[in-house]
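Plus 1256 on top of the position in the sequence shown (first one is 1) and you've got this note's numbering.
No residue lacks a Cβ here, since even glycine has one placed at the ideal position from N, Cα and C.
No experiment lies behind these values; they were computed from the predicted model shown.
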Amino acid sequence: MTHTTFSPSIWLAGTRIPFATASLTAAVVAVGAAFHHPAFSWTASLLAMLGVLFLHLSANTFNDWVDWNATDRVNLHASPFNGGSRVRLEGRITRRAFFVMGVAFMAAALACGLTLFLTGRPNILWMGLLGAFLGAAYSLPPFSLQARGFGELAIWLAFGPFLTWGAGYAITGGLSWGFFLVGLPAGLLTSAILYINQFPDHNADLVVGKHHWVVRLGTARARPLYLAMVVGAALITVALVAFSIMPVLSLLSLIGYLPLIKAVQVLWRHHAAPRELVPAQQATIAAQALSQLILAVTLFV
């Protein structure tokens, strides 16, 4: 019988907090992009990053709540990178606990947004609600974007341009397309993380009717879309530098894309072998975090 153990380590594991690097690095990019703005505020930066973190953790826990009796029950190839949070399948935490965590994190994000609103950021509410909607609609019915083939698009927007746009506004109080554009590469790379994690889940997701693009195309035909995401992120970075949206120094962020060479090679060889895909999953996460941290540093300079 599953019961909830009130252990901070178990609850923390249930949030899948290591994956929050995807949203936090994008938020740091927004901080870097806003750093030289005359209205820059470290307090607003901290509130923005906390709001982003809480929204991400809320999306994670709501996703696990939805998958509790679906994909994760039939997934034979779960790993630390796919298949959801394994702690609930070890009988130490209940489905209800995931729902409670999701609501609590959403409330914490709302508190950050309200604080920013009261400091003269009126647009932060609809921007935050948009991010919250995309994060929740990814897995929650009746939208279930992940099961309808719109999950990758939702993640690209929510963890990329919408995130940096909203964070940039929260920090400076100004709406700028520059903040929107600098988030495009981060969003694509985060979508690539989500996407490659769907390959090991293919069979389980097919059984429960979660028809994302890896299920729709099959693992072999789905590979080029991963390549398009990571190459697209690199090309957008170059374009943003070419159009002076980002400094030339930002090209150094392409160094962070090097792990993706290994990821592509592994995916092409082992697209239907879940255990062998783990190095590709690791490399994709590393590339997203490393490239965006380097990008943030170049924006601070």
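What are the complete alpha helix (DSSP H) segments, minimum 4 residues, inside the segment 1404–1464?
1407–1414, 1417–1428, 1433–1438, 1440–1453 and 1458–1464
Is it right to say Trp-1321 is buried, meaning 16 or more other beta carbons lie within 10 angstroms of its own, or is it exposed?
buried
Among residues of its own chain, excluding the 5 on either side of Leu-1386, which ones have a beta-carbon nearer than 7 Å to its beta-carbon?
Non-local C-beta neighbours of Leu-1386 in its own chain, meaning closer than 7 Å and more than five positions away in sequence, comprise Phe-1418, ordered along the chain.
Have a look at Met-1305, Ala-1286 and Ile-1266 and flag the residue whose alpha-carbon is nearest the alpha-carbon of Ala-1276.
Looking at the Cα atoms, Met-1305 is the closest of the given residues.
Rounded to a whole number of angstroms, what is the C-alpha to C-alpha distance between Leu-1533 and Ser-1279?
23 Å
For Arg-1404 and Pro-1397, the rounded distance between their alpha carbons
11 Å
Apply the 10 Å Cβ neighbour rule to Gly-1567 and answer buried if 16 or more other Cβ atoms are within range, or exposed otherwise.
Here the chain has residues from 1257 to 1557 only, and residue 1567 is not among them.
Three-way DSSP call (helix, strand, coil) for Met-1502 in this model:
Annotated three-state conformation of Met-1502 is coil, per DSSP.
To the nearest angstrom, how far is it from the Cα of His-1333 to the Cα of Pro-1535?
Because the pLDDT of His-1333 is 49, which lies under 50, any placement of that residue in the model is unreliable, and the question is left without a value.
Apart from the five residues just before and just after Leu-1440, which ones in its own chain have a Cβ nearer than 7 Å to its Cβ?
Gly-1416, Pro-1417 and Ile-1492
With three or more C-beta pairs closer than 8 Å as the rule, is the segment 1427–1438 touching the segment 1462–1470?
The way I'd put it, the segment 1462–1470 doesn't touch the segment 1427–1438; fewer than three beta-carbon pairs between them come closer than 8 Å.
What three-state label does DSSP hand Ile-1349 in the structure shown?
DSSP places Ile-1349 in coil when its eight states are reduced to three.
Residues in the same chain with beta-carbon distance under 8 Å from His-1575, minus the five sequence neighbours each way, listed in chain order, please.
What is shown of the chain runs 1257 to 1557, which leaves residue 1575 out entirely.
Label Pro-1456 either buried or exposed according to how many other C-beta atoms from any shown protein chain fall within 10 Å of its C-beta, with 16 as the threshold for buried.
buried
Go through its chain and collect everything with a Cβ distance to Ala-1410's Cβ below 6 Å, but skip five positions before and after it.
Cβ neighbours of Ala-1410 within its own chain (closer than 6 Å, five residues either side excluded): Leu-1390, Tyr-1394 and Leu-1401.
How big is the Cα-Cα spacing for Asp-1323 and Phe-1355?
11 Å
Start-to-end residues for the alpha helix (DSSP H) that takes in Arg-1559:
Outside the modelled stretch of the chain, which goes from 1257 to 1557, sits residue 1559, for which no answer is possible.
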